[in-house]
Amino acid sequence: MYAIVEIAGQQFKVSKDQKVFVHRLANEEGSKVTFDKVLLLDDNGNVTLGAPAIEGASVEAKVLQHLKGDKVIVFKKKRRKGYKKRNGHRQYLTQILVEGISASGAKKAAPKKEAAPKAEVATEEAAPKKRAPKAKKEDTNE
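Under full-length UniProt numbering, the first residue of the sequence shown is numbered 1, with each subsequent residue one higher.
Quick look at the structure:
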C-alpha cells in the first residue's frame, strides 16, 4: 500500500515504515504528525484518486530529527567581464518516519462513463467550392 501525499507544499510517494526528508516542520522531534492531504491511495492495485484530495484518508508519521541538508553552491559568472559571485546555503530539513496510511472513509474511484454517442446531425453536403480561375499570363513577346 502506498499513497501520494502533499507535505509542506511538495508531493511525496510514501509507504509504511519509509523514512522521508521534507522541508522543515514546526513539530518537535519525537512528536506524531498527521497529513490529511492525500491525493492518491493504492491498496494492492485498488487505486483511489482524489479530486483534489481524498476525504477521510490520512498519513500518520513521526518526526525523527531536524537537520540541515548538504550545502548547495550557487555560482554566478559573466564571461569576459571579471564578474563572479559564489553563494551557498544549507536547506533546513525534517526527517519523518511514515507509521501508517489510513483510508477510512475513502471512496473507490468511480470508473469514467463513456460519453453517450451524440445523435448525428444531418448535415447537407455543401457543393464543392469552385476554384478561382488561374490568372492569365500576358505574352511578353515584343
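Ideal placement from N, C-alpha and C gives every residue a C-beta, glycine not left out.
Item, Value
"Which listed residue (36, 62 and 59) has its alpha carbon closest to that of residue 52", "36"
"Minimum Cβ-Cβ distance from residue 40 to chain D less than 7 Å", "The chain inventory of the structure shown lacks chain D, comprising one protein chain alone."
"Which of helix, strand or coil DSSP assigns to residue 85", "strand"
"CB contact flag (residue 39, residue 48, <7 Å)", "no"
"Under 7 Å between C-beta atoms of residue 93 and residue 62", "no"
"Own chain residues within Cβ distance below 8 Å of residue 134, not counting five before or after", "none"
"Beta-ladder partner(s) of residue 71, from DSSP", "90"
"Segment limits, beta strand (DSSP E) that includes residue 103", "Here residue 103 belongs to no beta strand (DSSP E), and DSSP marks it neither H nor E."
"Exposed unless 16 or more other CB atoms sit within 10 angstroms - verdict on residue 7", "buried"
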